[in-house]
Amino acid sequence: MRVTRAVADVSALPRTVFGHRSLMWWGTLGFIIIEGTTLFICAMSYFYLRRNYSTWPPEHIFRPALLIPTIQVILMLASNIPMWWADRASRRMDLQGLRAGFLICSALAVMMTILRWFEFRALNVRWDTSAYGSVAWATLTAHTTLLVLELAETVAFTALLFGNQVEERDLSGASDNAFYWYFLTGVWVPLYAIVFLSPYFM
Amino acid sequence: MSAEAVPVQAAPSVPEEERVRHELEQTWRQPPGLLPWLKSVDHKSVGKRYIITAFIFFVLGGLEAATMRAQLARPENTVLGPDAYNQFFSMHGITMMFLFAVPMMTAIGLYLVPLMIGARNVAFPRLNAYGYWVYLFGGLFLYISFFLNTGPDTGWFSYVPLAGPEFTPGKRADVYAQAITFTEIAALVGSVELIVTIFKNRAPGMTLNRMPLFVWAMLVQAFMVLFAMPWVATATQFLAMDRLVATHFFNPAEGGDPLLWQHLFWFFGHPEVYIIFIPALGFVSSIVATFTRRQVFGYPAMVLSMVATGFLGFGLWVHHMFTTGVPQLGQSFFTGASMMIAIPSGIQIFCWIATIWAGRPRFTVPFLFVLGFVVLFIIGGFTGVMIASVAFDQQVHDTYFIVAHFHYVLIGGAVFPLFAAFYYWFPKLTGRMLSESLGRWNFWLFLLGVNLTFFPMHQLGFEGMPRRVYTYLEETGWGDLNLLATIGAVTIATSMLLFVINVVSSLRQGAPAGDDPWGGETLEWATSSPPRPYNFAYIPVVSGRSPLWASSAEMPVVTGLRTDVRDTLVTTVLDAEPDSKHRHPNPTIWPLLTAVATTILFVTLIFTPWGAVIGTPLLLLGLLGWGWPRGREKWEQQLVEGEA
Ligand code: HEM
Chain A
0 MRVTRAVADV SALPRTVFGH RSLMWWGTLG FIIIEGTTLF ICAMSYFYLR
50 RNYSTWPPEH IFRPALLIPT IQVILMLASN IPMWWADRAS RRMDLQGLRA
100 GFLICSALAV MMTILRWFEF RALNVRWDTS AYGSVAWATL TAHTTLLVLE
150 LAETVAFTAL LFGNQVEERD LSGASDNAFY WYFLTGVWVP LYAIVFLSPY
200 FM
Chain B
0 MSAEAVPVQA APSVPEEERV RHELEQTWRQ PPGLLPWLKS VDHKSVGKRY
50 IITAFIFFVL GGLEAATMRA QLARPENTVL GPDAYNQFFS MHGITMMFLF
100 AVPMMTAIGL YLVPLMIGAR NVAFPRLNAY GYWVYLFGGL FLYISFFLNT
150 GPDTGWFSYV PLAGPEFTPG KRADVYAQAI TFTEIAALVG SVELIVTIFK
200 NRAPGMTLNR MPLFVWAMLV QAFMVLFAMP WVATATQFLA MDRLVATHFF
250 NPAEGGDPLL WQHLFWFFGH PEVYIIFIPA LGFVSSIVAT FTRRQVFGYP
300 AMVLSMVATG FLGFGLWVHH MFTTGVPQLG QSFFTGASMM IAIPSGIQIF
350 CWIATIWAGR PRFTVPFLFV LGFVVLFIIG GFTGVMIASV AFDQQVHDTY
400 FIVAHFHYVL IGGAVFPLFA AFYYWFPKLT GRMLSESLGR WNFWLFLLGV
450 NLTFFPMHQL GFEGMPRRVY TYLEETGWGD LNLLATIGAV TIATSMLLFV
500 INVVSSLRQG APAGDDPWGG ETLEWATSSP PRPYNFAYIP VVSGRSPLWA
550 SSAEMPVVTG LRTDVRDTLV TTVLDAEPDS KHRHPNPTIW PLLTAVATTI
600 LFVTLIFTPW GAVIGTPLLL LGLLGWGWPR GREKWEQQLV EGEA
């Protein structure tokens with residue numbers, strides 16, 4: 000056992016910090032990298048398989064419908080406004096604002112999940128019809144997994160915020176949830192373009 | 000509220016330190032009994048389990064290898080039939096790569112990194128426990144399937160179309176795909192743990208520039224895992240879907256492409272080699288420094304080489320596919336990249352040699368294993384540069400030359416450093432020394448055995464013996480060299496037995512180690528052996544690369560963390576300045592339950608897509624229990640309500 004000599008006292012340091020100062024933010028970033036890579040792989044596989052066909056979509060397959068997917072992508076982008084607002088509220092330590100923001104976002108997450116069901120149908124192809132269908136379905140499924148997890152987390156978190164167990168550091172947790180939300184909705188834009196729009200151009 | 004650490008100049012008085020230790024002990028300890036064991040979130044308990052489990056898989060993989068060598072000892076032998084042989088080499092490869100090598104490196108990192116950087120635990124203790132359980136269940140799942148005669152039989156990289164639904168009916172390839180998924184999740188979880196712990200929990204003053212080389216190695220490895228593992232995880236999911244719900248990713252008849260599998264697999268598979276190898280470099284650096292009592296020469300060069308290896312490792316995947324008809328220019332590019340990666344490895348070897356040269360090395364067992372590593376790795380490196388040349392590779396592709404090459408690299412580059420690490424850190428983990436004399440026998444027999452086993456395989460490769468054949472004819476003339484290789488395998492097995500005996504007897508009657516038996520330079524040697532559950536009574540403050548070799552006998556520390564909750568210090572990423580306090584979670588059973596739910600999800604998915612419908616809610620339930628608010632502190636809540 001070594002003899003110790005105190006050189007600093009950290010008892011005055013804060014417990015609740017935001018953004019890259021918090022551990023959870025970094026953990027979230029780690030999962031964003033993992034999931035971002037996974038979605039990137041789906042996109043790469045999409046282009047790789049494209050080379051096996053002379054037309055895209057392959058012959059006898061309809062192009063995807065655009066209405067629902069376009070509503071979805073707009074909804075996802077728009078959902079960032081209340082989420083951003085909630086994020087700001089958390090940094091102000093404004094619990095009421097946070098509650099309101101998360102309530103709205105929970106409702107939006109439910110809507111997005113429902114729309115996702117119709118997006119699968121909008122693909123106009125089955126997963127077992129051809130490799131084109133397989134990779135389109137896989138990309139959508141990969142993103143849906145993340146969407147469902149975020150839906151569950153946001154709803155559970157909202158419930159927590161309305162309970163009487165809130166701790167100061169949950170505010171920082173809310174902000175990390177927002178960070179993930181930006182990723183989840185933002186990454187959908189290029190994926191939407193690939194899965195739904197590219198069959199009109201490629 | 001001030002956000003600064005306030006400087007003070009005082010030694011905590013002795014009774015004060017006693018009180019702190021006593022309270023920390025109460026707060027952090029793991030009570031005896033099974034349930035607390037299952038609930039543990041201590042990085043040392045989890046790390047130790049991880050290490051032991053990975054070692055058991057190493058033994059299983061070794062037994063499979065021994066059985067194969069018994070079969071190949073003479074022509075037309077009958078120990079294993081063709082079907083069993085296929086399962087054996089597949090299980091051996093999968094076990095060694097996915098259940099032994101990567102998890103073992105991660106496990107040692109999870110155990111040592113917090114100690115080396117002066118932290119109390121990893122950043123996300125519950126996630127860490129979850130990662131271990133998922134890994135364990137994945138391994139059990141694979142081996143239970145194997146014992147039910149449903150072990151994978153298409154090799155560790157399971158190429159399609161062979162592994163596709165048409166040519167491998169039954170469930171064997173599904174077992175492969177899903178077992179991989181388990182291990183990937185565990186590896187990814189481990190890498191997030193390591194990265195965040197290293198970035199945010201370093202002792203004050205441990206700037207990036209002062210981080211031990213081992214910690215750098217784990218950081219680079221963890222980033223490689225983060226970017227590499229999703230490729231194989233996605234590939235195996237595609238494979239599983241092709242087999243379960245008739246997608247066509249790899250089915251050429253419907254526009255799919257078998258080469259897609261190869262690209263996805265090797266984009267992971269080549270970095271995989273470095274994922275195994277880079278932590279081993281970290282072991283070597285720690286050991287070289289301690290036993291020459293010098294800082295490793297060329298710290299910046301060492302760090303940059305590791306980082307460079309990390310990047311280059313991703314540029315090489317196509318060299319596994321030279322025989323698939325890659326375009327000419329591509330071939331040249333990947334040949335160039337493959338040769339270039341020899342540069343950073345070379346730099347590191349030179350830095351070690353310079354360190355050893357300048358110091359006065361002590362030839363203890365850990366150091367011997369390091370020397371063994373250098374010798375074997377150089378041989379493996381030579382043959383590696385040879386097969387980076389396309390013309391040469393086309394001749395020896397899929398022969399025993401390749402088997403010889405990658406065993407030299409893997410055993411030399413990873414297993415020898417690993418044994419060095421076992422001997423070096425065993426005293427820290429257990430409080431006892433391993434026997435040096437048994438250790439020397441272990442080392443020399445191992446070195447001899449590896450060369451007897453694998454050197455002849457180069458020649459067998461030139462003579463055209465293909466890999467993955469369960470037997471060969473008398474007339475081929477391969478019998479003698481194969482017998483020699485089998486004798487080598489027996490020698491290796493003997494050396495392993497000695498190691499196990501050494502561990503078991505030293506646990507009982509090894510010499511007590513004390514805190515710092517070797518005179519190490521890094522922080523893990525500043526705490527007791529084995530460390531207390533809270534690691535450090537006070538978080539140390541670091542002012543150089545070798546904190547324990549500093550001239551002052553006193554260790555500077557910070558005070559002011561709470562002792563009645565699991566408090567820890569969070570520091571800034573670059574300069575490790577104290578930034579905030581963070582409360583770690585208490586032990587909990589939910590990571591285990593969530594891992595059980597994950598297992599149910601993956602295993603049922605092998606049989607029916609409805610597995611998702613059964614498994615997902617269970618998984619969400621697990622996560623809900625995990626995050627359920629409990630043990631919360633009202634005073635913090637008041638603060639919020641007051642301000643809101
Ligand atoms: C300890 C002594 C070892 C022996 C005697 C041994 C022996 C063998 C043998 C006989 C094969 C099958 C060759 C064939 O039929 O193609 C093989 C394959 C393989 N070994 Fe080992 N091995 C050992 C250690 C290791 C280690 C430590 C690793 C990795 C860290 C490893 C990784 C592999 C891999 C990846 C394969 C290829 C499997 C496949 O073809 O799918 N081996 N080994």
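As they're listed, the protein sequences go chains A and B.
For the first sequence, numbering that gives the first Met the number 0 puts the final residue at 201, and the numbers step up evenly by one.
For the second sequence, numbering that gives the first Met the number 0 puts the final residue at 643, and the numbers step up evenly by one.
Think of the CB as a built atom: it goes at the ideal place given N, C-alpha and C, for glycine as much as any other residue.
Considering only heavy atoms of the ligand HEM, does any lie closer than 7 Å to the CB of residue 452/B? Distances from the CB of residue 452/B to the heavy atoms of the ligand HEM include at least one below 7 Å.
How is residue 180/B classed by DSSP in three states: helix, strand or coil? helix
Could you tell me which chain A residues have their CB closer than 8 Å to the CB of residue 554/B, listed as they occur along the chain? The answer, in chain order, is 1, 2, 3 and 4.
Using C-beta distances below 7 Å, list every residue in its chain close to residue 622/B, excluding the 5 sequence neighbours before and after it, in chain order. 593
So, with DSSP's three-state summary, where would you put residue 201/A? coil
If residue 64/B and residue 91/B are in contact, beta carbons under 8 Å, what's the gap, nearest whole angstrom? 5 Å
Quick one: list the residues of chain B neighbouring residue 131/A, beta-carbon separation under 7 Å, in chain order. 254
At a CB-CB cut-off below 9 Å, which residues of chain B make contact with residue 126/A? 240, 244, 245, 246 and 247
May I have a chain-ordered list of the alpha helix (DSSP H) segments no shorter than 4 residues that lie completely inside the stretch 42-115 of chain A? Complete alpha helix (DSSP H) runs here, min 4: 66-90.
Is residue 89/B near the ligand HEM, judged by its Cβ being under 7 Å from some heavy atom? yes
Can you find a CB in chain A that lies within less than 8 Å of the CB of residue 194/B? yes
Residue range of the beta strand (DSSP E) that residue 133/A falls in? Note, residue 133/A: premise wrong, no beta strand (DSSP E); alpha helix (DSSP H) at 130-161.
From 280/B, 271/B, 503/B and 351/B, pick the residue whose C-alpha is nearest to that of residue 229/B; which is it? When only C-alpha atoms are compared, the closest one is 271/B.
Please confirm if residue 44/A has its CB atom under 8 Å from at least one CB of chain B. yes
Below 7 Å between beta carbons is the criterion; list the residues of the stretch 112-123 of chain B that meet it against any residue of chain A, in chain order. 122 and 123
Within-8 Å CB hit, residue 580/B to chain A: yes
Are the Cβ atoms of residue 93/A and residue 174/A separated by less than 8 Å? The Cβ atoms of residue 93/A and residue 174/A lie no closer than 8 Å to each other.
Closest Cα partner of residue 650/B within the set 112/B, 111/B and 102/B: Examination of residue 650/B is not possible in this model, given that chain B is present from 0 through 643 alone.
Taking 8 Å as the CB-CB cut-off, is residue 642/B touching chain A? Low per-residue confidence applies at residue 642/B: pLDDT is 41, beneath 50, and the placement is therefore not dependable enough to give any value.
If you follow the beta strand (DSSP E) that residue 256/B is in, where does it begin and where does it stop? Taken as a continuous stretch (DSSP letters only), residue 256/B belongs to no beta strand (DSSP E), as it is neither H nor E.
Does the beta carbon of residue 230/B come closer than 8 Å to any beta carbon on chain A? yes
Quick one: grab the DSSP three-state call for residue 277/B. DSSP, reduced to helix, strand and coil, places residue 277/B within a helical segment of the structure shown.
Any C-beta of chain A sitting closer than 8 Å to the C-beta of residue 490/B? no
If you follow the beta strand (DSSP E) that residue 94/B is part of, which residue opens it and which one closes it? Residue 94/B -> no beta strand (DSSP E), and no H or E assigned at all.
Quick one: what does DSSP say residue 5/A is sitting in, helix, strand or coil? strand
Tell me whether residue 2/A is buried or exposed, calling it buried when 16 or more other Cβ atoms sit within 10 Å of its Cβ. exposed
Tell me which residues share the same chain as residue 569/B and place their Cβ nearer than 6 Å to its Cβ, disregarding the 5 neighbours each side in the sequence. For residue 569/B, same chain residues with a beta-carbon under 6 Å away, outside a window of 5 residues either side, are 199, 578, 579 and 581 in chain order.
For residue 4/B, which residues in chain A fall below 8 Å Cβ to Cβ? Per Cβ cutoff of 8 Å: 7, 8, 9, 11 and 12.
Using 8 Å as the limit for Cβ to Cβ distance, is residue 700/B near chain A? Summary: the structure shown does not reach residue 700/B, with chain B confined to residues 0 through 643, and so no result is reported for it.
For the ligand HEM, I want to know if residue 502/B counts as a neighbour, meaning its beta carbon is within less than 7 Å of at least one of the ligand's heavy atoms. Distances taken from the Cβ of residue 502/B to the heavy atoms of the ligand HEM include none shorter than 7 Å.
Near residue 248/B, which residues of its chain fall below 6 Å by C-beta distance, leaving aside the five closest residues on each side in sequence? 237, 241 and 255
Contacts that residue 623/B makes with chain A (C-beta to C-beta distance below 7 Å): 155
Got a sec: is the Cβ-Cβ distance from residue 58/A to anything in chain B below 8 Å? So no, residue 58/A is outside the interface.
Using only the heavy atoms of the ligand HEM, determine whether one of them is closer than 7 Å to the beta carbon of residue 95/B. Within the cutoff, so yes.
I'd like to know if the stretch 113-127 of chain B and the stretch 529-541 of chain B are in contact, where contact means that at least 3 CB-CB pairs between them fall below 8 Å. yes
Do you know how far the Cα of residue 41/B is from the Cα of residue 190/B? Computed Cα separation, rounded: 17 Å.
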